[in-house]
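Notes for the one structure printed next.
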Amino acid sequence: MKITPRKINLYMLFKLPSAFFCGVRVVSISDTKAVVKVKHRWVNQNPFKSLYWAVQGMASEFATGVLMIEEIRKSNRKISMLVTHQEGRFTKKATGRINFTCEDGNLIKDAIQKSIETGEGQVIHLTAAGIDTSGDVVSQFVYEWSLKVKL
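Numbering (my numbering), first residue to last: 65 to 215.
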């Protein structure tokens with residue numbers, strides 16, 4: 065069954081309710097790219113009236129994770145995935161609608177293929193950039209994902 069934004073957003077409601085209620089939503093997903101949006105609102109703001117950093121983290125992690133989930137689904141294998149490290153950089157006050165984009169689908173595909181061939185775990189670094197409606201990067205996150213084919 066193909067993963068669609070609607071299906072994954074419904075999944076989020078039941079499995080990740082804090083992200084759902086903060087407004088994190090998948091906009092699009094393809095083989096190489098995922099876009100997740102979040103809009104600055106009262107419920108997800110910090111005391112400085114901008115998007116709380118943890119909400120940006122949820123949206124950016126989901127942009128990388130949903131690509132992993134889709135690629136694992138397509139491999140028809142049982143593969144474990146885990147974030148083992150994360151770094152974030154904030155460059156502008158995040159207000160309005162922010163789109164977090166990850167374009168590292170090819171890295172995921174290669175890592176899964178290598179793990180299947182060798183039977184060894186793989187570590188990859190995926191980037192998600194948060195961009196506001198004026199095109200400015202407000203934050204950038206790098207996630208270190210560990211994945212391994214289950215026997």
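Cβ coordinates follow ideal geometry from the N, Cα and C atoms, glycine included.
Item	Value
Check: C166 C-beta below 6 Å from any heavy atom of the ligand ADP	Annotation note on the ligand ADP: not contained in the displayed structure, which lists no ligands.
Nonlocal neighbours in the same chain, by C-beta distance under 6 Å from V99, ignoring five residues either side	V91, S92, N163 and T165
Backbone CA spacing between N140 and K101 [nearest angstrom]	28 Å
Residue closest to V147, alpha-carbon to alpha-carbon, out of K212, R70 and Y75	K212
Beta-carbon proximity of Q120 to S198, cut-off 7 Å	no
contact_flag[the stretch 168-182, the stretch 118-137] where n(CB pairs < 8 Å) is 3 or more	yes
Outcome for E125 when other beta-carbon atoms lying within 10 angstroms are tallied against a minimum of 16	buried
Helix, strand or coil at N73 according to DSSP, with G and I counted as helix	helix
Spatially closest choice to S210 from K142, Q186 and I176, by CA coordinates	Q186
D196 versus N73, K103 and L80, residue with shortest Cα-Cα distance	K103
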